[in-house]
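> Can you read through this structure? Questions will come right after.
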Amino acid sequence: MNALPRAVDLDLIGCRMCGLVCRNVPGNVKLDGDGVDDAMACPRCGSTLRRRKTNSYARTWALLIAGFLLYIPANVLPIMRTASLNDIDDNTIISGVVELWNNGSADLAVIVFTASIVVPMLKFLSLGMLLVSSQRGSDWARPQRARLYRLVEFIGYWSMLDVFVVALLTALVRFSVLSRVEPLPGVIFFGLTVVLTMLASMSFDPRLIWDGRSNDD
Amino acid sequence: MATAARNTDCLHAHSSDALLICEHCDTVYRRRPLARGEVARCVRCGAELDRHRALSANALLALILTAMIVFVQANIWPIFTLGLNGQFSATTLWGMIVTMWEQGAQVVAVLAAATLFFFPMTKMLVMGWLLWFARLGRRAPGFAPLMVALHRVGPWTMSEVFVLGALVAIVKAHTYFEVVADPGIYAYGALTLLITIFAGVDMRQLWEQTPEPKA
Numbered sequence: 001m002n003a004l005p006r007a008v009d010l011d012l013i014g015c016r017m018c019g020l021v022c023r024n025v026p027g028n029v030k031l032d033g034d035g036v037d038d039a040m041a042c043p044r045c046g047s048t049l050r051r052r053k054t055n056s057y058a059r060t061w062a063l064l065i066a067g068f069l070l071y072i073p074a075n076v077l078p079i080m081r082t083a084s085l086n087d088i089d090d091n092t093i094i095s096g097v098v099e100l101w102n103n104g105s106a107d108l109a110v111i112v113f114t115a116s117i118v119v120p121m122l123k124f125l126s127l128g129m130l131l132v133s134s135q136r137g138s139d140w141a142r143p144q145r146a147r148l149y150r151l152v153e154f155i156g157y158w159s160m161l162d163v164f165v166v167a168l169l170t171a172l173v174r175f176s177v178l179s180r181v182e183p184l185p186g187v188i189f190f191g192l193t194v195v196l197t198m199l200a201s202m203s204f205d206p207r208l209i210w211d212g213r214s215n216d217d
Numbered sequence: 001m002a003t004a005a006r007n008t009d010c011l012h013a014h015s016s017d018a019l020l021i022c023e024h025c026d027t028v029y030r031r032r033p034l035a036r037g038e039v040a041r042c043v044r045c046g047a048e049l050d051r052h053r054a055l056s057a058n059a060l061l062a063l064i065l066t067a068m069i070v071f072v073q074a075n076i077w078p079i080f081t082l083g084l085n086g087q088f089s090a091t092t093l094w095g096m097i098v099t100m101w102e103q104g105a106q107v108v109a110v111l112a113a114a115t116l117f118f119f120p121m122t123k124m125l126v127m128g129w130l131l132w133f134a135r136l137g138r139r140a141p142g143f144a145p146l147m148v149a150l151h152r153v154g155p156w157t158m159s160e161v162f163v164l165g166a167l168v169a170i171v172k173a174h175t176y177f178e179v180v181a182d183p184g185i186y187a188y189g190a191l192t193l194l195i196t197i198f199a200g201v202d203m204r205q206l207w208e209q210t211p212e213p214k215a
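So the protein lines, in turn, are chains E and F.
Once you know that position 158 of the first sequence is 158 in UniProt numbering, the rest is easy, because the numbers rise by one and skip nothing.
Once you know that position 12 of the second sequence is 12 in UniProt numbering, the rest is easy, because the numbers rise by one and skip nothing.
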C-alpha cells in the first residue's frame, strides 16, 4: 500500500463543492466520469459527486481549440480606433504595446505584453501539454506539471486587462471631432478568448496528471 | 437525505470531518489542527490543502461590510477625468459599460457588467448573508445553494484586473490629454486591497463551523 493513499484507491470521493469526504458504493461512479453518473448527490450540499470532472479531456480540448481560433482574429484585427481631426489610427494588441514602450512606459508595456500575449500563449501551450501528457499517462515531471496547472489557473483572468483598457478609453476619449476612441472587433474576439481559456482551465481535472496509464484501460 | 444515504455512506457523521482529500491530486489526508499562520500543503502535488483560519465570522463580516461600502463608492464615483483644450470627460463603471454597448461591443459590455458589477456584488451579498447567520452560530436560509453559488461565482470577479487596466489607460491617455484621477479610482484601489484579504479565506469553513439543521 502506498504511503500516500488516493481517494480512488480507498473508494472515497471528495465533494468538489463543499469538500465533504464520502464513501462510494463500488461500481456506482465511474473513474473517468465520462459515462452517465448514477446521479449520486453529496449529502451535505446536494452537488453531484464525481471522481473526476465530467468529460475533462474532450471539454478542455474543445474549449482550448475554440479559444485559440478566436485568439487569431484577436491579434490580427485591430482592437481600438483612435480618431482625431485629420488622423485615424487603428491599434492592434501589439501596436498598443509598442506605443506604450515608445512613449517611455516600458514597465506598463511589459505588463500589457505579459497579460495579452504571454499569458494566453502560456495557457494554450501549458494546457495542451498537460492534456497530451495526461492522456498518455505519462509520469514525467508530475509535481512540476501540477504546479504549472495551478499557475495557469491563477493568472488566467489577468488577460482581461486589455479589454478593460479599451473599454475605459472608449468611454473617456469622447471629444466630438477633436478626438475619439472606438472599440473594433478584435477586442470582442480577445474577450471571448479569455473567457474560453478560463473555461478550458476549469474543465481540466488536475487529478488526471496523477492517474497514470493503469487507470486508462 | 434518504436517497443520498442509500448511495453514499457519508463519513463526516461519525468521524467528524477527520479526512481531507487534495482537490488537485486526490490524495487522502487525516485532518489536523493548524497553528496560527500555518498552511497545510499536499505532499504529493504541493497544492494547498488547508490553512489556519485567522479571521472569525465577526471579523469577516466587518470586512465584507467595508467592502460593500467601498464597492458602492467605486461604482457611483467617476474613475478619472480627461481634459482636452478646456473640454472635460469623465466616466463611471456603468458609463463605460453603456458606452461599450452603444459602440457595438455588446459582448464586452456584458463581460464587464458581469465580472465588475454583478458577480462581485453577488459574492459580497451572499458572503454577508451567510456570515451574518454564521456569527449567530446558525446556517442562513438557503445555505447550501448559496454556498454552491459562491463557489461557482468565485473565479469570475475581476475588479483587481480593472484597477490595473485603469492605470494602463491613464498612462496611455496621459500622452495626449490632461488626466485627473477621481475618487472612483481610489475606491477601486481600496476594494482591491480588501479582495486580496478575502482571497485567502475559504468560505467552505462555514460547512464545518455551523451545525447541520435537523431534518
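Note that the Cβ used here is the ideal one computed from N, Cα and C, for glycine as well.
Please list the terminal residues of the continuous beta strand (DSSP E) segment that includes residue 145 of chain F.
First-last for residue 145 of chain F: 143-153, but that is the alpha helix (DSSP H), not the beta strand (DSSP E).
> Just verifying my parser: in three-state terms, what is the DSSP assignment at residue 143 of chain E?
Here residue 143 of chain E sits in helix by DSSP.
> Among E:49, E:16 and E:45, which has the Cα closest to the Cα of residue 24 of chain E?
Of the listed residues, the one whose Cα sits closest to residue 24 of chain E is E:49.
> Buried or exposed: which applies to residue 24 of chain F, given that a residue is buried once 16 or more other Cβ atoms fall within 10 Å of its Cβ?
Burial call: buried.
> Go through its chain and collect everything with a Cβ distance to residue 201 of chain E's Cβ below 7 Å, but skip five positions before and after it.
Around residue 201 of chain E: 123, 127, 152, 153 and 156.
> Measuring alpha carbon to alpha carbon, tell me which of E:209, E:109, E:92 and E:69 ends up nearest residue 197 of chain E.
Of the listed residues, the one whose Cα sits closest to residue 197 of chain E is E:69.
> Among F:57, F:90, F:73 and F:38, which one has its Cα closest to the Cα of residue 175 of chain E?
Ranking the options by Cα distance to residue 175 of chain E, first place goes to F:90.
> Going along chain E in order, which residues have a C-beta closer than 8 Å to the C-beta of residue 24 of chain F?
Chain E residues near residue 24 of chain F: 146, 149, 150, 206 and 207.
> Indicate whether the contact test is met: 3 or more Cβ pairs, each with one atom in the segment 75-92 of chain F and one in the segment 202-214 of chain F, closer than 8 Å.
No, they do not touch.
> Tell me the residue span of the beta strand (DSSP E) that contains residue 14 of chain E.
12-14 is the span of the beta strand (DSSP E), which, as asked, contains residue 14 of chain E.
> Between residue 101 of chain E and chain F, is there a C-beta pair that is closer than 9 Å?
It does not: the Cβ of residue 101 of chain E has no partner Cβ on chain F nearer than 9 Å.
> Below 9 Å between beta carbons: does that hold for residue 160 of chain F and residue 195 of chain F?
The answer is yes: Cβ separation under 9 Å.
> At the level of alpha carbons, what is the spacing between residue 14 of chain E and residue 211 of chain E?
Taking the straight line joining both Cα atoms gives about 16 Å.
> My parser needs the beta strand (DSSP E) runs of 3 or more residues fully inside the segment 39-66 of chain F; what are they?
Qualifying beta strand (DSSP E) stretches, in chain order: 39-41 and 48-51.
> When you compare the CB of residue 13 of chain E with every CB in chain F, is at least one pair closer than 9 Å?
Residue 13 of chain E counts as touching chain F.
> For residue 161 of chain E, go through chain F and note every residue whose CB falls closer than 8 Å to its CB, in chain order.
By Cβ distance, chain F contributes 161, 164, 165 and 168.
> Could you name the residues of chain F that residue 175 of chain E contacts, counting a contact when the two beta carbons are closer than 9 Å?
Near residue 175 of chain E (Cβ distances below 9 Å), the residues of chain F are 82, 84, 85, 87, 89 and 177.
> Looking only at DSSP bridge pairs, what is residue 30 of chain F linked to?
Answer is F:19, bridged to residue 30 of chain F.
> Within the chosen definition, does the segment 175-193 of chain E reach the segment 99-113 of chain E through at least 3 CB pairs nearer than 8 Å?
Touching, no.
> Check the Cβ-Cβ distances between residue 137 of chain F and every residue of chain E, and say whether any is below 9 Å.
Answer no: the Cβ-Cβ gap between residue 137 of chain F and chain E never drops below 9 Å.
> Residue range of the alpha helix (DSSP H) that residue 73 of chain E falls in?
Unbroken alpha helix (DSSP H) run through residue 73 of chain E: 56-76.
> Just to confirm the assignment: which complete alpha helix (DSSP H) runs, minimum length 4, are found wholly within the segment 92-170 of chain E?
Complete alpha helix (DSSP H) runs here, min 4: 93-102, 106-113, 119-135 and 142-155.
> How big is the Cα-Cα spacing for residue 84 of chain E and residue 177 of chain F?
Roughly 12 Å between the two C-alpha positions.
> Output yes or no for whether 9 Å exceeds the beta carbon distance between residue 204 of chain E and residue 166 of chain F.
Cβ atoms of residue 204 of chain E and residue 166 of chain F: not closer than 9 Å.
> For residue 188 of chain F, which of F:145, F:70, F:119 and F:134 has the nearest alpha-carbon?
That would be F:70, whose Cα lies nearest to the Cα of residue 188 of chain F.
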